[in-house]
Amino acid sequence: MWFTERMVDIGRGSALGTSGASELFQLLRDGKPRTRAALSTLTGLARSTIALRVDALMELGLITPVDDAISTGGRPSSQFALNPTARLVLAADLGASHATLAITDLAGTRLGETNQPMDIGGGPEKVLGWMVESGRALLSQIDRDPKDLIAIGIGLPGPVHHATGQPINPPIMPGWDRFDVPGWVQQHLEVPVLVDNDVNIMALGERAFAWPQTEHLIFVKVATGIGAGVISGGLLQRGAQGIGGDIGHVQITRGAGTPCHCGNRGCLEAMASGPAIAGVLRQSGLDVENGQGVVALVKRGNIDAIQAIRQAGRDLGEVLTACVSLVNPSVIAIGGSMAQAGEHLIAGVREVVYTRSMPLATEHLSIVQSSAGSNAAVIGASMLAIHHALSPESIDAMAG
Ligand SMILES: [Zn+2]
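First residue of the sequence shown? That's 0 in numbering that gives the first Met the number 0, and the numbers climb one at a time after it.
This is the structure we're talking about:
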């Protein structure tokens, strides 16, 4: 049931080097209708071979004949396209204190959704049990069956070993350390289960939602913690241990001796996260408990809060300047709850990154607020599942 780790999660699927029906399917994944003749021209395969593979994909339900706009007189359709509603995925954004679930089709269109407050500290069996039950309920609401599921994508608020789907020493998830998330879920829903940390799936979600053609994108989440999801060359970069993009504990100049919960001092997260900014504002006499409180003050126009969030943006910019030199992204999208403070945070980031980077690196660099917003994670979880389910390897296995 499990699979080897491959970088298939956001690949568009190359038409080269794949075999059998999957080669054809990767061409049709974009949803555009094509005739057998067009498919033959595109692949260089004989018409007879194309006919066989079209039949195989039709039998799986993955492609469907579509009406030919030009044809009249009731001739049978000669064009074929992805059949997005043939199969479904379950997408779960399991946060520290909330859970959002969605059922989407193979094009990522959300067909059903639910969310509720949820304490991740309740432990894996309670949280995943809710996910399985609510997933079944959502399917039933849209008159579909658990058998229609093709994969499940899950985002968790901590480090995850993507190949095994196990959380590794997650600081705010008691009871989850090395828990076999896919194995447990598969006892109830027998489909591939993909697990990743919340920032990585937010990067996937932001790209799918707002930047589908962008090959080089860094998504930064600024909330209780700070982290980044790095997409480079069209692929999510998890690194050797899965913590690639964990920029929260890079030391910044202004950090000096400020202690961080990680045990080091002067970390970005200790200076620019929601709780860190709230702490600074409390010292200057403001009644503010957490990041949410800071955002509320900024929205009310409080000058101290605006200055503090702009400085947090500059701190973030200091670390992102190094990221820009290393990755050369064309988009940096800033999300997470602190991004709701709006342009003040982004302005601080831009101020430093545009000043301190090499001109060529920033010539076409957009630094923007996340467009997907609070939906980034659940969209990304669906993308994680869809890209696995429709990968050449999975399609070949299905067409067997
Ligand atoms: Zn730290």
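The beta carbon of each residue, even a glycine, is placed where N, CA and C say it ideally should be.
Query, Result
"Look at Glu-205 and Ala-388 and say whether their C-beta atoms are less than 8 Å apart.", "no"
"Looking at the structure shown, is Gly-316 part of a helix, part of a strand, or coil, going by DSSP?", "helix"
"Which whole-angstrom value is the C-beta distance of Val-198 and Phe-218, which I expect to be below 8 Å?", "7 Å"
"Assuming Ala-150 contacts Val-194 (C-beta within less than 8 Å), just tell me the rounded distance between them.", "Going by Cβ atoms, the distance from Ala-150 to Val-194 rounds to 11 Å, so no, they are not a contact pair."
"Is Leu-89 close to chain D, meaning its C-beta is less than 8 Å from at least one C-beta of that chain?", "No chain D is part of this structure, which consists of one protein chain only."
"Would you kindly report the start and end of the unbroken alpha helix (DSSP H) that includes Ile-167?", "No alpha helix (DSSP H) holds Ile-167; DSSP gives it neither H nor E."
"Look at the Cβ atom of Met-201, then the Cβ atom of Gly-273, and state whether they are nearer than 8 Å.", "no"
"To the nearest angstrom, how far is the alpha carbon of Gly-247 from that of Ala-384?", "27 Å"
"What is the rounded straight-line gap between the Cα of Ile-308 and the Cα of Leu-61?", "48 Å"
"On the premise that Ile-251 lies in contact with Asp-314, defined as a C-beta separation below 8 Å, what is that separation, rounded to the nearest angstrom?", "5 Å"
"Determine the burial state of Trp-1: buried for a count of at least 16 other Cβ atoms within 10 Å of its Cβ, exposed for fewer.", "Here the model assigns Trp-1 a pLDDT of 38, short of 50, so the residue's position is not dependable, and the following value carries that caveat. It is exposed - the Cβ of Trp-1 has fewer than 16 other Cβ atoms within 10 Å."
"Please indicate yes or no: does the CB of Glu-132 lie closer than 7 Å to some heavy atom of ligand 1?", "no"
"In the DSSP assignment, what are the bridge partners of Ile-102?", "Leu-89 and Gly-111"
"Relative to the C-alpha of Thr-99, which residue among Leu-81, Leu-137 and Ala-80 is closest?", "Leu-137"
"Give the secondary structure of Gly-226 by DSSP, where H, G and I count as helix, E and B as strand, and everything else as coil.", "strand"
"With H, G and I counted as helix, E and B as strand and the rest as coil, what does DSSP make of His-161?", "coil"
"Measure the beta-carbon distance from Ala-80 to Pro-32 and round it to whole angstroms, keeping in mind my assumption that it falls under 8 Å.", "4 Å"
"Taking the C-alpha atoms as reference points, what is the distance between Val-326 and Lys-298?", "33 Å"
"Less than 8 Å between C-beta atoms, sequence neighbours within five positions excluded: which residues of the same chain meet that for His-343?", "Val-297, Ile-305, Ile-308, Arg-309 and Gly-312"
"In angstroms, rounded to a whole number, what distance separates the CA positions of Asp-286 and Asp-144?", "51 Å"
"Exposed or buried, Pro-173, counting other C-beta atoms within 10 Å across all chains shown (16 or more means buried)?", "exposed"
"Comparing the CB of Glu-350 with every heavy atom of ligand 1, is any distance shorter than 7 Å?", "no"
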